[in-house]
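Enquirer: Residue numbers (this note's numbering), protein chains in the order written: chain A, 246 to 442; chain B, 246 to 442; chain C, 246 to 442; chain D, 246 to 442. Could you have a look at this structure, given as structure tokens, before my questions?
Number of protein chains: 4
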Amino acid sequence: MIIEAAARVFAQKGFSGTVMAEIADLAGVGKGTIYEYFDSKEELFFSVFEWFSRELGASVTVSVAALGGSASERLMALSSSLMRSWDEIRDMFSLFFEFWAASQSSQMRERFKNAFREAYGEFRGIVSSLIREGMARGEFLPHVDPEAVAAALVGTWDALFLQAWFEDSFDLTATARNFMTVLIQGLQGSGGGRGEP
Amino acid sequence: MIIEAAARVFAQKGFSGTVMAEIADLAGVGKGTIYEYFDSKEELFFSVFEWFSRELGASVTVSVAALGGSASERLMALSSSLMRSWDEIRDMFSLFFEFWAASQSSQMRERFKNAFREAYGEFRGIVSSLIREGMARGEFLPHVDPEAVAAALVGTWDALFLQAWFEDSFDLTATARNFMTVLIQGLQGSGGGRGEP
Amino acid sequence: MIIEAAARVFAQKGFSGTVMAEIADLAGVGKGTIYEYFDSKEELFFSVFEWFSRELGASVTVSVAALGGSASERLMALSSSLMRSWDEIRDMFSLFFEFWAASQSSQMRERFKNAFREAYGEFRGIVSSLIREGMARGEFLPHVDPEAVAAALVGTWDALFLQAWFEDSFDLTATARNFMTVLIQGLQGSGGGRGEP
Amino acid sequence: MIIEAAARVFAQKGFSGTVMAEIADLAGVGKGTIYEYFDSKEELFFSVFEWFSRELGASVTVSVAALGGSASERLMALSSSLMRSWDEIRDMFSLFFEFWAASQSSQMRERFKNAFREAYGEFRGIVSSLIREGMARGEFLPHVDPEAVAAALVGTWDALFLQAWFEDSFDLTATARNFMTVLIQGLQGSGGGRGEP
DNA sequence: CATGAATGAGGCTTCATTCAT
DNA sequence: GATGAATGAAGCCTCATTCAT
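Rendered as structure tokens:
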């Protein structure tokens, strides 16, 4: 598939460092063939972005659906699951840089921005539901703002990846676990309120 | 100053979207003059990066130094102070995208990565000191890992900016405040432990 | 018919502006099918040229054959008939530009030149016969050079079309009539010599 | 001068047969240099057109200004002068084909058409003035339409060149002289009216 | 020191042509 | 025979960099 080849090259060389010929080579097709399916380099890039978002979204959705236990446990499990996926993501993580950069400088700025907004929104929604659920069960404090915490939390995970990116020795799993413990404690409030008293 | 002009253009057009001529124009110098001071476009870009890091680092250090009160209060104040600076940062925020992207695809990859590691490390250090201080004062729970929380927190702020970037309507201040409340509560543990008992 | 489709597209887009795919579409056949009948784009172009020449040649021959009256009258009638055909020709007129251009730059230069020479020669022959006939009848002055006048006249008609091409408001019919009146007068010499004295 | 080099190459290879590199080579400059002065291949082509028109227009204007004698004589002299210039024009004549073709298929169609209209109009104006002058002097018949004859005559000369283009053996001078004799006779009407009786 | 005209390597893209189905 | 997906050569154009002034 051309898109996957493109993803790989874009991830490695960046958008403008990437040469169409290399994608073609890696995909095992002729240069011209790419243009049968994608109007331009930029269009291809956007398609890679869509494909990547879809992939990632799907895997998150699946992993959340599989979760059980109290809200706290599920939140923690979600975090761990994400962190564990780092090794799979790692190679492709730099794609985010390129996507982000494209959201500013590309001529398709708006399309990228919209797509990002959506993707973040969706993920945030999943997490805020989880929190809201915890609140409904009395597991979490009532005055918490689920949206705010979800937004920040989603960002935190994102940013932990970013740090892992820069520091090979960065201990993603431990850092996330420690942080989540504190955060969940904060959500539960004093005495812990471990779900059912 | 050439660097500032370059920063502005890079922020707006991205690294490869930027044309040396435009920087020269904006800086009010000849194209050739840039090469008197910087060996190449990439070198200039890296210089922009260093300048930008320094600027940012300085402003954070200053704002932390000015902080007073309990560790919780100072943490909250730091967060608010950062969020308040968004409007100043906004225009230049996209530089991060470019820097991040450069950390992968640029030929100066390692220099970028190192600089990032350092910058994050420094900031993380400031925050973890704050937390450690809170622990020392008994304000925060003892079993917390200051490094982990600091790393995550620094990332969270970063990522909140990212979301504000994509969503104009994103309420940075409120989101950060809500989140920090929960997190600080988690750090303080049950009953709150407002500093000295 | 592929040739007619090709003619239409070549006329509209020019030789190199024409894409084989468009011809195929317009002709309602597959791109590959064209190559069953024509070895190359250039070959197809030349075939269009031949087809067009034949068409045009035929229509001129027919219209001349239908002419009656004195040589002057027939000359005038031929001119009018040609001018009247402008609306039919107009859309295809730009093909001439392409053919002419091809006669210089195409790899088939010689074939084009020859064909043009022939076509012009044939047309010139028809007109010079007409003039010679007028001379034989004593209608035209004896010292006229029928070949020269025919060559120029054929060219004049051609060039009037050219001007009509550039100027929508150009009055082909009137211009041609006025000019022909003068020319015929010149052929007849003093007193007019309306055919038989 | 780049324009002259371009003219030469365009004349030889046609617009799309021409490669920018060849122009650059012939002009003795780098490929990029051309783009310092012309935005695109098409713009360069149009500039060649303007340059060529100006050159030609100037030479015609000069040659007309130098003319003396009766209107008939001047008309004949103009014709001869034009025909004599064939050898100089010959090599560049095919540029006309390209220009004409461009007036249909180029994206700058309108600019070309306008320029042609103007150029033809100007030339036509010169010739019609000459005829009008002849009429004023009583040298030419009064009922002649100077505009029509001028338009046709300008076209005739054009078209004679065209035929000379296709037929090396075509005797431009003789053909033009013979034709002009007839035409002038037609303008003078019966008895000749050689200017002053 | 400053400049900006000149450069040419390099990349995206087009499209005539082929050939397996 | 007909097709159209695949191809890759080729060309326009950009732009970082140089260097004579």
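Here a beta-carbon is modelled for each residue, glycine too, at the ideal position from N, C-alpha and C.
Would you mind stating whether I248(A) and S292(A) have Cβ atoms separated by less than 7 Å?
Expert: The residue given as residue 248(A) occupies position 3 in the first sequence. The residue given as residue 292(A) occupies position 47 in the first sequence. Closer than 7 Å, so yes.
Enquirer: So, is the C-beta of E343(D) closer than 7 Å to a C-beta in chain C?
Expert: Locating residue 343(D) in the fourth sequence gives position 98, where the first residue counts as 1. Chain C, which has a Cβ nearer than 7 Å to the Cβ of E343(D), makes this yes.
Enquirer: Is the CB of D270(A) under 7 Å away from at least one CB in chain B?
Expert: Numbered from its first residue, the first sequence carries residue 270(A) at position 25. No, no contact with chain B.
Enquirer: Mapping DSSP to helix, strand and coil, what is L312(A)?
Expert: Here residue 312(A) refers to the residue found at position 67 when the first sequence is read from its first residue. If DSSP states are grouped into helix, strand and coil, L312(A) belongs with coil.
Enquirer: Within 8 Å, do at least three Cβ pairs link the region 388 to 404 of chain C to the region 404 to 422 of chain D?
Expert: Touching, per the Cβ criterion.
Enquirer: Give me the chain D residues within the contact set of F368(C), using Cβ-Cβ distance strictly less than 9 Å, ordered along the chain.
Expert: Translated into the one-based positions of the third sequence, residue 368(C) becomes position 123. Result: empty, since nearest Cβ-Cβ is about 11 Å, beyond 9 Å.
Enquirer: Please classify Y365(C) as buried or exposed, where buried requires at least 16 neighbouring CB atoms within 10 angstroms.
Expert: The residue labelled residue 365(C) in the question sits at position 120 within the third sequence. Per the 10 Å Cβ criterion, buried.
Enquirer: Closest to F411(D) by C-alpha separation, out of G302(C), V309(C), A316(C), F344(C), would be which residue?
Expert: Here residue 411(D) refers to the residue found at position 166 when the fourth sequence is read from its first residue. For F411(D), the nearest C-alpha among the options comes from F344(C).
Enquirer: Just by C-beta distance, which residues in the region 281 to 306 of chain A are closer than 8 Å to chain B?
Expert: Residues: none.
Enquirer: May I have the straight-line CA-CA distance separating S324(A) from E288(A), to the nearest angstrom?
Expert: Counted from its first residue, the first sequence places residue 324(A) at position 79. Counted from its first residue, the first sequence places residue 288(A) at position 43. Roughly 33 Å separates the two Cα atoms.
Enquirer: Could you say which of N359(A), G379(A), R335(A) lies nearest to D403(A) if we only look at CA atoms?
Expert: Locating residue 403(A) in the first sequence gives position 158, where the first residue counts as 1. Cα-wise, what sits closest to D403(A) is R335(A).
Enquirer: Might you give, ordered along the chain, the residues of its own chain that have their beta carbon closer than 7 Å to the beta carbon of V372(B), omitting 5 neighbours on each side?
Expert: Position 127 of the second sequence, counting from 1, holds the residue named residue 372(B). A395, L398, V399.
Enquirer: How about Q349(B) and F342(A): do their beta carbons lie closer than 7 Å?
Expert: For the purposes of this step, residue 349(B) is taken as residue 104 along the second sequence, with counting starting at 1. For the purposes of this step, residue 342(A) is taken as residue 97 along the first sequence, with counting starting at 1. Yes, the Cβ-Cβ distance between Q349(B) and F342(A) is below 7 Å.
Enquirer: Measuring alpha carbon to alpha carbon, tell me which residue in A322(B), L407(B), A316(B) is nearest K358(A).
Expert: One-based indexing of the first sequence puts residue 358(A) at position 113. Ranking the options by Cα distance to K358(A), first place goes to L407(B).
Enquirer: When you compare the CB positions of S315(D) and E384(D), do they come within less than 7 Å of one another, or not?
Expert: Your numbering for residue 315(D) matches position 70 in the fourth sequence. Your numbering for residue 384(D) matches position 139 in the fourth sequence. Going by C-beta atoms, S315(D) is nearer than 7 Å to E384(D).
Enquirer: Under three-state DSSP, which class holds S317(A)?
Expert: In the first sequence, the residue the question calls residue 317(A) occupies position 72. S317(A): helix per DSSP, three-state reduction.
Enquirer: Taking a Cβ distance cut-off of 9 Å, strictly less, list which residues of the region 411 to 436 of chain B are near chain A, in chain order.
Expert: Residues F411, E412, F415, D416, A419, T420, A421, R422, N423, F424, M425, T426, V427, L428, I429, Q430, G431, L432, Q433, G434, S435, G436.
Enquirer: Mind checking Q352(A): buried by the 16 CB within 10 Å criterion, or exposed?
Expert: As a first step, residue 352(A) must be located in the first sequence, where it is residue number 107. Exposed, by the Cβ-count rule.
Enquirer: Hey, quick one: how far does the alpha helix (DSSP H) through E355(B) stretch, first residue to last?
Expert: By 1-based counting over the second sequence, the position of residue 355(B) is 110. Its alpha helix (DSSP H) spans residues 354 to 381.
Enquirer: Using a C-beta cutoff of 7 Å, does T278(A) count as contacting chain B?
Expert: Locating residue 278(A) in the first sequence gives position 33, where the first residue counts as 1. Not an interface residue.
Enquirer: Quick one: residues in its chain with C-beta nearer than 7 Å to the C-beta of A250(A), no 5 flanking neighbours on either side, listed in chain order?
Expert: In the first sequence, the residue the question calls residue 250(A) occupies position 5. Cβ neighbours of A250(A) beyond the five flanking positions: I268, L271, A272.
Enquirer: At the level of alpha carbons, what is the spacing between S339(A) and S330(A)?
Expert: Indexing the first sequence from 1 puts residue 339(A) at position 94. Indexing the first sequence from 1 puts residue 330(A) at position 85. Each residue's Cα considered, the two are about 15 Å apart.
Enquirer: Quick one: is R362(C) near chain D, going by C-beta distance under 7 Å?
Expert: In the third sequence, the residue the question calls residue 362(C) occupies position 117. Output row for R362(C): interface = yes.
Enquirer: Distance check for F415(B) and G302(A), CA to CA, integer angstroms please.
Expert: The sequence position of residue 302(A) within the first sequence is 57, counting from 1. The sequence position of residue 415(B) within the second sequence is 170, counting from 1. Taking the straight line joining both Cα atoms gives about 22 Å.
Enquirer: Using the C-alpha atoms, what's the distance from L375(A) back to L320(A)?
Expert: On the first sequence, position 75 is the one that residue 320(A) refers to. On the first sequence, position 130 is the one that residue 375(A) refers to. Answer to the nearest angstrom: the Cα atoms are 7 Å apart.
Enquirer: Terminal residues of the continuous alpha helix (DSSP H) containing P490(D)?
Expert: The shown model of chain D, from 246 to 442, leaves out residue 490(D), and the question about it has no answer.
Enquirer: If you compare alpha carbons, which of E367(B), T401(B), M246(B), R354(B) is closest to K258(A)?
Expert: Your numbering for residue 258(A) matches position 13 in the first sequence. Ranking E367(B), T401(B), M246(B), R354(B) by Cα distance to K258(A) puts R354(B) first.
Enquirer: Considering only residues of the same chain and omitting the five flanking positions on each side of E367(A), which have a CB-CB separation below 7 Å?
Expert: Start at 1 with the first residue of the first sequence, and residue 367(A) comes out as number 122. Answer for E367(A): G302, listed in chain order.
Enquirer: Find the residues of chain B that neighbour D403(A), judging by a C-beta separation of less than 8 Å, and give them in chain order.
Expert: As a working note, residue 403(A) is residue 158 in the first sequence. Within 8 Å Cβ-Cβ: G400, A404, L407.
Enquirer: Does DSSP classify S339(D) as helix, strand or coil?
Expert: What you label residue 339(D) is simply residue 94 of the fourth sequence in a count that begins at 1. S339(D): helix per DSSP, three-state reduction.
Enquirer: So with Cβ pairs under 7 Å, would you call Q349(B) a contact of chain A?
Expert: Along the second sequence, read from residue 1 onward, the residue named residue 349(B) stands at position 104. Interface residue, yes.
Enquirer: Should G434(C) go down as buried or exposed, given a rule of 16 or more other Cβ atoms within 10 Å for buried?
Expert: In the third sequence, counting from the first residue as 1, residue 434(C) sits at position 189. The residue in question, G434(C), is buried, as its Cβ has 16 or more Cβ neighbours within 10 Å.
Enquirer: For S285(D), is the classification buried or exposed, using 16 other Cβ atoms within 10 angstroms of its Cβ as the cut-off for buried?
Expert: Taking the first residue of the fourth sequence as 1, we reach residue 285(D) at position 40. It counts as exposed.
Enquirer: Which residues in the same chain have their Cβ closer than 6 Å to the Cβ of F300(C), if we skip the five residues on either side of it in sequence?
Expert: Residue numbering aside, residue 300(C) sits at position 55 when the third sequence is read from its first letter. The sequence shown places Glu at residue 300(C), not Phe. There are no such residues.
Enquirer: Leaving aside the five residues before and after G313(B) along the sequence, list all residues of the same chain whose C-beta is less than 8 Å from its C-beta, in chain order.
Expert: As a first step, residue 313(B) is located in the second sequence; it is residue number 68 there, counting from the start. Excluding positions up to five away in sequence, the list reads R319.
Enquirer: With G431(A) as the anchor, note down where its alpha helix (DSSP H) starts and where it stops.
Expert: Within the first sequence, numbered from 1, the residue matching residue 431(A) stands at position 186. Where G431(A) is concerned, the enclosing alpha helix (DSSP H) stretches over 417 to 433.
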